[in-house]
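First to last, the protein sequences are chains P and V. Quick note on numbering: numbering that gives the first Met the number 0 labels position 107 of the first sequence as 106, and the sequence is numbered without any gaps. Quick note on numbering: numbering that gives the first Met the number 0 labels position 128 of the second sequence as 127, and the sequence is numbered without any gaps. Even glycine gets a Cβ: it sits at the ideal position worked out from N, Cα and C.
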Amino acid sequence: MINQLSWKVGGQQGEGIESTGEIFCIALNRLGYYLYGYRHFSSRIKGGHTNNKIRVSTTETRAISDDLDILVAFDQETIDVNYKELHEGGIIIADAKFKPVCPEDTKAELYIVPFTEIAAELGTSLMKNMVAIGATCAVLGMEISVFNDVVDEIFGRKGEEIVKKNMDAITAGYKAMEVLLGEKLGAMELEKADGQKRMFMIGNDAIALGAVAGGCRFMAAYPITPASEIMEYLIKKLPQFGGTVIQTEDEIAAATMAIGANYGGVRAITASAGPGLSLKMEAIGLAGITETPIVIVDTQRGGPSTGLPTKQEQSDLMAMIYGTHGEIPKIVMAPSTVEEAFYDTAEAFNLAEEYQCPVIVLSDLQLSLGKQTVQPLDYGKVEIRRGKLVDFEIEEPENKSYFKRYEVTEDGVSPRVVPGMKNGIHHVTGVEHDETGRPSETALNRKLQMDKRMRKLNNLTNTFQTPVYKNTPHEEADLLILGFNSTRGTIDEAIGRLETDGMKVNHAQIRLIHPFPADEVLSLVQSAKKVVVIENNATGQLANIIKMNVGHVNKIKSILKYDGNPFLPHEIHTQCKEMFEYGNV
Amino acid sequence: MATFKEFRNDVKPNWCPGCGDFSVQAAMQRAAANVGLEPENLAVVSGIGCSGRISGYIKSYGFHGIHGRSLPIAQGVKMANRELTVIASGGDGDGFAIGMGHTIHAIRRNIDITYIVMDNQIYGLTKGQTSPRSAAGFKTKSTPEGSIEQAVSPMELALSAGATFVAQSFSTDLKDLTAIIEAGINHKGFSFINVFSPCVTYNKINTYDWFKQNLTKLNTIEGYDSSNKEQAMQTLMQHDSLVTGIIYQDSSRPSYQELVPGYAEKALNKSDLTLDQAHFDKLVAEFM
């Protein structure tokens, strides 16, 4: 019996590869296994190799596995591209239709099952995916009945007969594989899971659910990979709360419409990826100087320009911190798990209103699209705090003057009224302005207003709930590993191996990127002999931010990956070890 | 009920003496009073340019945004609070150059706001460059040999984009302009009003006199029916769009807000931000 398994299904895009993985996962998730999936796909609808690599474990897992136990192949390319991941004793289950051949150096054993033929005999070749699931079941020695409910939910609306046919296809796949496996039936039987029902979702689902929980009632957005799921979820759910989503004509309209809605007093969001964020930059500056709250999600993908639209990268960091011309207060958060993505997004709306500034929730493709088992989300932890939003009657101002929307205050935050409120009339402008919002170019006013805006965030690193995720068991560590966003699980796993090798390793993921929690990170850096920053970009953006804030320029090293693929645990393990052993760290 | 004077503030516009925008401002203030608004229930959102300053010259909630984006901001404000009257405004550069995309899409989206363009066929604030409304051959600082591009026809574009309210006016016709703005505010849907508002400093061609000589009032055209789209388009083409009055109005089409499924009937900004636990649990269960 094994306690974890890595399974991959691959074929041509548009062949139902994704739904094969989905059905497999939902069923196993319901048995209480922890799943972690990562999809390899291209920016096209049909054609091109795609695969879905899924890790199944009896314990929590947040990383793609290094190798592979089972590969289900619907075409030769799937074997050619992926066979090297299979270890000795691994299994390839391939459709007889394409006459599969394994390269000479294949370590795994090939089983040829007529997926398409079996499915066609049962009614339609479309069900070849179900046959493949059945074949997998045989290897896992798993009852096919675990798929009953899922198949019923997915195909139920098409009628009982379709449900039955799909279950028949799973059974047929199982039987065909059973014959081929002989004594190896159930060769990879998984230990029983705890049977706990947990959510199975992508980071974008959590971001969208977090928005709903955080009181967001309006979204303006433009479709883009890998952010669109946020919009698609909110389009379905916001009407339950009287809200809605507008799919705008472009990214600029999305950002400015969301600014308009926030100015109007509704919690509004926009979400995009790098190219969209580039277009939103002027609007972000507008929100900054007009002190309008807005929550913006950036799901990073390979850049620059259109770059690698469906690949993992973490290269928007500098742009998110410094983007927009001029200087504004801005908050950049970077959740490192799906659970954090939920809580952080909900909290982002509080921060946006409390500090009256743009809040960027930074994600990356692996976090946004990696489908995984998620620990229960506690709605009780979600607060609604609206800062200095005026909800009381305002007295008539003297001489019928305007309301001091930009009153210079000690903490830099001014009372905020929304249109419709009596005696709250004021002007809002992207031009430098005085306390009532009236344009002003005087040097004195400029300095007063600029200082007021910039001091709003002075204390945020002290009040922000968890600016740094820490797994720092060692008072004095041999090595400190730092990262942000989705690398957390992979680093965790690599650290387990480094510790087994005898190294004392501390780990921190930066969750509040800007303003930077310098004191906290500095003390971590000081208590480690060596420091390495892991990130998916070519220039070490996070490492540079850390150096800028805490110094130790020569001590802080980088491990970078920017080929479009996420880190694997063994890469971090071996690179850290090599650097350490050869003194390169 | 507020009078038009209550829509005045003490800010002195930085427009040149004789600028058409003064009259547009006065017409907006009169129209707001005439339709029975209180200053706090009006939000004026404007773009960048000389005319973009208008949101600071009217006593109401005012949002002076970024160049070309008054429309998406204004639509966001309206979505947040459908009880507000929202007027977007700006110049021809704002609406037909940098913001043209938003103009077309705001028209076809049909959110219930009013859009007033102060069209002077020139870039004034940047001191005299060509605009998408400048006629071919028009000499400016950026077209010293005369513009070699065609001018856009916003009225024709609006009709083809599915507009439900299209009107044009001339800044000196204060009474007509006020009436058109009132009609625009009262129209349930997106109201698009282009106002010829001459630039006395940089446009020596399209002057007050030039407009007086070239404009035709639609109410002088016998049998003109503003509910007839075909006639509207024909008339625009026959007169090179140099007409004033309500060109087209379709009162039958519901506004965007009326079509949004589940959209709050009261102002969305007054809705409860919390969920009951059972509702949250239901959302969570969908992922299990």
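The count of Cβ pairs closer than 8 Å, one atom from the segment 236-249 of chain P and one from the segment 215-224 of chain P, reaches three, so the stretches are in contact. Excluding residues up to 5 positions away in sequence, Ala-220, Ala-226, Ile-229 and Val-296 lie with their Cβ nearer than 6 Å to the Cβ of Ala-270 of chain P in the same chain. Interface with chain V (8 Å Cβ-Cβ cutoff): Thr-255 of chain P is included. Here Tyr-321 of chain P is exposed, its C-beta having fewer than 16 other C-beta atoms within 10 Å.
Residue environment analysis places Pro-99 of chain P among the buried positions, since at least 16 neighbouring C-beta atoms fall within 10 angstroms of its C-beta. Secondary structure note for Ser-5 of chain P: its beta strand (DSSP E) is the uninterrupted segment 3-11. DSSP assignment within the segment 297-343 of chain P yields the following whole alpha helix (DSSP H) runs of 4 residues or more, N-terminal first: 316-321. For Lys-58 of chain V, the CB contacts under 7 Å within the same chain, skipping 5 residues up- and downstream, are Glu-5, Phe-6, Arg-7, Asn-8 and Pro-38 in chain order. Look at Leu-208 of chain P: its C-beta is under 8 Å from a C-beta on chain V. With respect to chain V, the C-beta atom of Tyr-378 of chain P has a partner C-beta closer than 8 Å. When Cβ pairs closer than 8 Å are counted between the two stretches, the segment 44-56 of chain P is seen to touch the segment 5-21 of chain P, the count reaching three or more. When the alpha-carbon of Ile-1 of chain P is set against those of P:Gly-429, P:Asp-68, P:Glu-474 and P:Met-578, the nearest one is in P:Asp-68.
Across the set P:Phe-483, P:Asn-461, P:Glu-498 and P:Leu-459, the C-alpha of P:Glu-498 shows the shortest separation from the C-alpha of Asp-477 of chain P. For Gln-248 of chain V, the enclosing beta strand (DSSP E) stretches over residues 242-248.
A contact between stretches requires three or more CB pairs, one per stretch, nearer than 8 Å, and the segment 211-218 of chain V fails this requirement with the segment 118-135 of chain V. Within the same chain, Cβ atoms closer than 7 Å to the Cβ of Glu-492 of chain P are found at Ala-62 and Pro-568, the five residues on either side in sequence being excluded. Excluding its 5 nearest sequence neighbours in each direction, Lys-106 of chain P has C-beta neighbours in its own chain below 7 Å: Leu-85, His-86, Glu-87 and Gly-89, listed in chain order. Beta-bridge annotation (DSSP): Asn-50 of chain P is paired with P:Gly-9 and P:His-39. Residues are counted here when their Cβ sits less than 7 Å from a Cβ of chain P; for the segment 63-97 of chain V these are His-63, Gly-64, Ile-65, Arg-68, Pro-71, Ile-72, Ala-73, Gln-74, Gly-75, Val-76, Met-78, Ala-79, Asn-80, Glu-82 and Leu-83, given in chain order.
Between the segment 347-354 of chain P and the segment 287-301 of chain P, the count of Cβ pairs shorter than 8 Å is three or higher; the stretches touch. Annotation: Arg-197 of chain P to Phe-154 of chain P spans about 22 Å, alpha carbon to alpha carbon. Note on the segment 498-562 of chain P: whole beta strand (DSSP E) runs with a minimum of 3 residues are 504-509, 511-513, 527-534 and 555-559, in chain order. Cα atoms of Arg-132 of chain V and Tyr-114 of chain V: separation of roughly 17 Å, rounded to the nearest angstrom. Fewer than three pairs of CB atoms, one per stretch, sit closer than 8 Å, so the segment 360-368 of chain P makes no contact with the segment 390-410 of chain P.
Excluding residues up to 5 positions away in sequence, Met-154 and Glu-155 lie with their Cβ nearer than 6 Å to the Cβ of Leu-235 of chain V in the same chain. The beta carbon of Ala-537 of chain P sits closer than 8 Å to the beta carbons of Ser-314, Leu-559 and Tyr-561 from its chain, once the five residues preceding and following it are set aside; these are given in chain order.
In this structure Glu-326 of chain P is exposed. Its beta-carbon is surrounded by fewer than 16 other beta-carbon atoms within 10 angstroms. Within 9 Å of the CB of Lys-58 of chain V, the CB atoms of chain P belong to Lys-399, Tyr-401 and Ile-424, in sequence order along the chain. Scanning its chain for C-beta atoms nearer than 8 Å, with the 5 sequence neighbours on each side dropped, one finds no residue around Leu-443 of chain P. Proximity of Ala-42 of chain V to chain P, defined by a Cβ-Cβ separation below 8 Å, is satisfied.
One alpha carbon belongs to Asn-458 of chain P, the other to His-513 of chain P, and they sit about 12 Å apart.
Nearest to Ala-333 of chain P by alpha-carbon distance, out of P:Pro-308, P:Val-416, P:Thr-309 and P:Gln-299, is P:Gln-299.
When secondary structure is reduced to three states using DSSP, Asp-275 of chain V falls in the coil class, being assigned neither helix nor strand. The beta carbon of Ala-267 of chain P is closer than 6 Å to those of Phe-217, Ala-257, Ala-260 and Asn-261 in its chain, skipping five residues each way along the sequence.
In summary, Phe-279 of chain V is buried, with 16 or more beta-carbon neighbours lying within 10 Å of its beta-carbon over all protein chains present. Sequence-ordered contacts of the segment 232-254 of chain V with chain P are nonexistent [C-beta pairs closer than 7 Å].
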